[in-house]
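*Asks:*
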Amino acid sequence: MHFYDQEVIHYLSLRDVAAKTNLAVNTLKGYARKGLLPEHDATIGTHRGWTDATIDKWMLDRGMTKK
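Position 62 of the sequence shown, counting from 1, maps to 61 under numbering that gives the first Met the number 0, and the rest follow consecutively.
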């Protein structure tokens, strides 16, 4: 198998999560400090990333609707 045969996983940045949830970045940072944001799926350097599925489930669990 070659690297180009592998599926690419797209991770959402905190800004992407903010746009998807219609919440402010600072609100999400507060949620993260309080343990209310789901655990990130990846760390790239100092950046955290979440999959769409992780955020979709979190939104569903919180009763939030998708944009």
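Glycine included, every Cβ here is placed at the ideal spot set by N, Cα and C.
#1: Quick check: what's the CA-CA separation for Lys28 versus Thr20?
#2: Checking 9 Å against the spacing of the C-beta atoms, do Leu11 and Asp51 come in under that value?
#3: Can you grab the Cα-Cα spacing for the pair Ile67 / Thr64, in whole Å?
#4: What are the start and end residues of the alpha helix (DSSP H) that includes Gly29?
#5: What is the DSSP secondary structure of Thr64, counted as helix, strand or coil?
#6: Check the C-beta distance from Asp40 over to Gly48 and give it rounded, since I have them as a contact under 8 Å.
*Replies:* Answer, in terms of the structure:
#1: 13 Å
#2: yes
#3: Past the edges of the chain, shown from 0 to 66, lies residue 67, and the structure says nothing about it.
#4: 24 to 32
#5: coil
#6: 6 Å
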